[in-house]
């Protein structure tokens, strides 16, 4: 059943917003309510609640803090997320956007998104580009917004109408003409929006501040510029924040350090830890390693440290006068440092998976706090290097079920001196229908120089349905 | 005169050893054994010194995958208690093989570093951290004296053993022969193995694969001499042994005596 909300525009009741079903029936916002009711007889109409919408939008902006420390609601229907320096935590901009839209969709919210160099360009592309998700490459945002209609520039409807009467339909047409007449005719706003979209004028966003997190802010008398000064402030901030965490019995899993610049913009560093930590020296080291990503501009007038994600960390009795077990030497601290440099997930452990298919018998699990480890059966010979994907080889074998006599890999011929096999591996029918009858026969062979290889043949040699009898090299011992 | 000179020389030697070992005083004494008299005797201290940098490469076409070299490092580190960090440049390692060599999965952390310089960076970070039993890095670039000296100094200070597996896409890469500060440098490769069963020496050939054999070349060793052995590969307990059919082969025929 289509659903719309209705509000008064001063003279009459109009449609404020329409759901997907109503949009499909041709109902648009700002349409007179009587007209909409005439078009669709069984329409459900509820009163619009702008205040409630704004609160819900702010809550959604706070939820988006999972992606970046800088998010802001953009009424009536948008959320800004400044993903500068945060996209790598989610595997790149496209992956971040897909994850965001996927989660929203899962929760029942139909959303569109775009990532671009400037807020203006992202705003325009997300609302007017054809696809639901778009990532504009760095530097390509001007070309991306050029074909969009002028309404994409966040201009009031009367300005858009006036522009259309003058023959300006697209953003690209506006960008090409001289500024003087444009400003005289329409005021500063068109030029400002054009500059904000193209990045010539910086557009700060006012980030939401979640109120239930441990945070500490330190304003300065003089703007700071140097990395040494930032380092001192980081130590100062961590002293306070770690004290608060200790009082709460918690350890930080994620830390945001915000730099408020004199020009009103905010830069941010975000770090994550593998295990909850409130060890000030360790956290300071992680933060300082990322200082090089911060552009202080003309100076930083305040810094703020926030802990958006904290977990319970048990108290430990102090070791006494003798400094014994330092938290710095725990493996989690090393994992943090490496992941801080190479990106999250770059440190992993391997665990056994109950599968006979060699490439599926290993699973990567997080380095800290993963599932209990299981090992592999030790009596099966397994190669040290596994080629992914297996490489095709030319093989001479006397009979289909015998080990090869010779094979050619990378144009080099290897004569087989000794061989072991076959070890038959059946396809896992519950994964893919193609694997229901698939069979691989593995042979471990040694050539005349002593190199050992792990070859397999697709198919059992008698039934053509099980495989096409092609040979592959899968590993090296 | 002779005993007095010996005392002076001994004092000087201990002084040099103390200077060389600036971080941990006893790091020289800790060694890990190959479980093989012939190999251990060739190494100063009776085994591979812990808390130092060792370089291992393959031979010939095996320099690309360093499979035997990986098993050598895994087998030696399996005997040292503690966790191991394995820094990869290409993620082609198959952990079950390391587990079969004694390095069980709960002891190994893997890092995929993608670039050669990042491998060195992560290795140094991990060695300096000091909480690990060993660090293994797979490295395909040119090492140089400075980089290897940094790793060696870090290993000396923290007492963490570091293995650098030199991989290379071309077989006779001159980069592998450049000098480095590693305490020992090894080349290891599999060579044709013996019959799977010992009685196969005289009886009919049995099908199957025997225990792999390694050619183990110690090409440089600080305080020791270069050697070369043919050994049988490590088993699950990290022990290797000299090749049986060479060790137990019949004694050479006695020289004939001319009878007048």
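Chains as they are written, first to last, in the working numbering: chain A, 2 to 478; chain B, 21 to 280.
A virtual CB, placed ideally from N, CA and C, is assigned to each residue, including glycine.
Quick caveat: nothing in here was measured; it's all calculated off a predicted structure.
Starting from the C-beta of residue 45 of chain A, find all residues in its chain whose C-beta is less than 6 Å away, skip the five residues before and the five after it, and write them out in chain order. In the first chain, counting from the first residue as 1, residue 45 of chain A sits at position 44. Within the same chain, and ignoring the five residues on either side of residue 45 of chain A in sequence, the residues whose Cβ sits closer than 6 Å to its Cβ are 2 and 4.
Look up residue 100 of chain A in the DSSP assignment and say whether it is helix, strand or coil. For the purposes of this step, residue 100 of chain A is taken as the residue at position 99 of the first chain. Residue state, collapsed to three classes: helix.
CB contact flag (residue 175 of chain B, residue 156 of chain B, <9 Å): As a first step, residue 175 of chain B is located in the second chain; it is residue number 155 there, counting from the start. As a first step, residue 156 of chain B is located in the second chain; it is residue number 136 there, counting from the start. At the C-beta level, residue 175 of chain B and residue 156 of chain B stay beyond 9 Å of one another.
Pick helix, strand or coil for residue 44 of chain B, following the three-state DSSP scheme. Start at 1 with the first residue of the second chain, and residue 44 of chain B comes out as number 24. With a pLDDT of 46 at residue 44 of chain B, under the threshold of 50, the modelled position of that residue is not reliable, and no figure is offered here.
Measure the Cβ-Cβ separation of residue 1 of chain A and residue 446 of chain A and say whether it is below 9 Å. Only positions 2 to 478 of chain A appear in the structure, and residue 1 of chain A is not among them; the question remains open.
Buried versus exposed, by CB contacts within 10 Å (16 or more), residue 139 of chain A: Along the first chain, one-based indexing puts residue 139 of chain A at 138. Exposed: under 16 other Cβ atoms inside 10 Å.
With the cut-off set at 9 Å, would you say residue 203 of chain A and residue 266 of chain A are in Cβ contact? For the purposes of this step, residue 203 of chain A is taken as residue 202 along the first chain, with counting starting at 1. For the purposes of this step, residue 266 of chain A is taken as residue 265 along the first chain, with counting starting at 1. Yes; because the gap between Cβ atoms is below 9 Å, this pair is in contact.
Please state the DSSP three-state secondary structure of residue 376 of chain A. Mapped onto the first chain, residue 376 of chain A falls at position 375. Here residue 376 of chain A sits in coil by DSSP.
Go ahead and pull the three-state DSSP assignment for residue 324 of chain A. Translated into positions along the first chain, residue 324 of chain A becomes position 323. At residue 324 of chain A, the pLDDT of 47 sits below 50, so the modelled position is not reliable and the matter cannot be decided from this model.
What is the rounded straight-line gap between the Cα of residue 164 of chain B and the Cα of residue 106 of chain B? One-based indexing of the second chain puts residue 164 of chain B at position 144. One-based indexing of the second chain puts residue 106 of chain B at position 86. Taking the straight line joining both Cα atoms gives about 21 Å.
With the cut-off set at 9 Å, would you say residue 237 of chain A and residue 301 of chain A are in Cβ contact? Taking the first residue of the first chain as 1, we reach residue 237 of chain A at position 236. Taking the first residue of the first chain as 1, we reach residue 301 of chain A at position 300. No, the pair does not count as a contact, with Cβ atoms beyond the cut-off.
What does a CB cutoff of less than 6 Å around residue 142 of chain B pick up in its chain, not counting 5 residues either side in sequence? Counting from 1 along the second chain, the entry for residue 142 of chain B is found at position 122. Only residues of its own chain outside the window of five on either side were considered, and among them 107, 131 and 133 have a CB closer than 6 Å to the CB of residue 142 of chain B, listed in chain order.
With a threshold of 9 Å between beta carbons, is residue 447 of chain A in contact with chain B? Along the first chain, read from residue 1 onward, the residue named residue 447 of chain A stands at position 446. Chain B contact via Cβ: present.
CA-CA distance, residue 298 of chain A and residue 69 of chain A? On the first chain, position 297 is the one that residue 298 of chain A refers to. On the first chain, position 68 is the one that residue 69 of chain A refers to. Rounded to whole angstroms, the separation of the alpha carbons of residue 69 of chain A and residue 298 of chain A is 21 Å.
Please confirm whether residue 272 of chain A and residue 246 of chain A have their CB atoms less than 9 Å apart. Reading the first chain from its first residue, position 271 is the one you call residue 272 of chain A. Reading the first chain from its first residue, position 245 is the one you call residue 246 of chain A. Not a contact, by the Cβ cut-off of 9 Å.
Residues in the region 96-108 of chain B with C-beta within 7 Å of chain A's C-beta atoms, listed in sequence order? Of all residues in the region 96-108 of chain B, only 103 place a beta-carbon less than 7 Å from a beta-carbon of chain A.
If you check the beta carbons only, do residue 199 of chain A and residue 85 of chain A fall under 9 Å apart? Position 198 of the first chain, counted from the start, is the residue given in the question as residue 199 of chain A. Position 84 of the first chain, counted from the start, is the residue given in the question as residue 85 of chain A. No. Outside cutoff.
Segment limits, beta strand (DSSP E) that includes residue 85 of chain B: The residue given as residue 85 of chain B occupies position 65 in the second chain. Unbroken run through residue 85 of chain B: none, as it is neither H nor E.
Same chain, Cβ closer than 7 Å to residue 348 of chain A, five either side skipped, listed in chain order: Residue 348 of chain A sits at position 347 when you count from the first residue of the first chain. If you ignore the 5 residues before and after residue 348 of chain A, its C-beta comes within less than 7 Å of the C-beta of 336, 339, 340 and 368, all in its own chain and listed in chain order.
Exposure of residue 25 of chain B, with buried meaning 16 or more beta-carbon neighbours within 10 Å: By 1-based counting over the second chain, the position of residue 25 of chain B is 5. Exposed, since its Cβ has fewer than 16 Cβ neighbours within 10 Å.
Are the C-beta of residue 169 of chain A and some C-beta of chain B separated by less than 9 Å? Numbered from its first residue, the first chain carries residue 169 of chain A at position 168. For residue 169 of chain A, the answer is no, since every Cβ of chain B falls outside 9 Å of its Cβ.
List the residues of chain B whose Cβ lies closer than 9 Å to the Cβ of residue 410 of chain A, in chain order. In the first chain, the residue the question calls residue 410 of chain A occupies position 409. The contacting residues do not exist; residue 410 of chain A stays about 10 Å from chain B at best.
Measure the alpha-carbon distance for residue 37 of chain B versus residue 115 of chain B and round it to whole angstroms. By 1-based counting over the second chain, the position of residue 37 of chain B is 17. By 1-based counting over the second chain, the position of residue 115 of chain B is 95. Taking the CA atoms as reference points, residue 37 of chain B sits about 38 Å from residue 115 of chain B.
Closer than 7 Å by beta-carbon distance: list the chain B residues that pair up with residue 358 of chain A, in chain order. Along the first chain, read from residue 1 onward, the residue named residue 358 of chain A stands at position 357. Chain B residues near residue 358 of chain A: none, gap ~12 Å exceeds 7 Å.
Using the Cα positions of residue 122 of chain B and residue 92 of chain B, report the straight-line distance between them to the nearest angstrom. As a position in the second chain, residue 122 of chain B is number 102, starting the count at 1. As a position in the second chain, residue 92 of chain B is number 72, starting the count at 1. Straight through space, the alpha carbons of residue 92 of chain B and residue 122 of chain B are spaced by roughly 11 Å.
Rounded to whole angstroms, what's the CA-CA distance from residue 241 of chain B to residue 27 of chain B? Just pull it up for me. Indexing the second chain from 1 puts residue 241 of chain B at position 221. Indexing the second chain from 1 puts residue 27 of chain B at position 7. Roughly 25 Å between the two C-alpha positions.
I'd like to know if residue 390 of chain A contacts chain B, where contact means its C-beta is closer than 9 Å to some C-beta of that chain. Position 389 of the first chain, counted from the first residue, corresponds to residue 390 of chain A. Under the 9 Å criterion on CB atoms, residue 390 of chain A is classed as non-interfacial with respect to chain B.
Can you name the residues of chain B whose CB is closer than 8 Å to the CB of residue 379 of chain A? Counting from one through the first chain, the residue named residue 379 of chain A turns up at place 378. Scanning chain B for C-beta atoms nearer than 8 Å to the C-beta of residue 379 of chain A yields 119, 120 and 256, reported in chain order.
Is DSSP giving residue 25 of chain B helix, strand or coil here? Against the second chain, residue 25 of chain B aligns to sequence position 5. When DSSP states are grouped into helix, strand and coil, residue 25 of chain B belongs to the helix group.
With a threshold of 8 Å on Cβ separation, who are the neighbours of residue 7 of chain A within its own chain once the five nearest residues in sequence on each side are excluded? Residue 7 of chain A sits at position 6 when you count from the first residue of the first chain. If we look at residue 7 of chain A and ignore the five residues flanking it on each side, its Cβ neighbours are 14, 15, 16, 17, 34, 46, 47, 48 and 49.
Inter-residue spacing [alpha-carbon to alpha-carbon] between residue 234 of chain B and residue 422 of chain A: The sequence position of residue 234 of chain B within the second chain is 214, counting from 1. The sequence position of residue 422 of chain A within the first chain is 421, counting from 1. A straight line joining the alpha-carbon of residue 234 of chain B with that of residue 422 of chain A spans about 22 Å.
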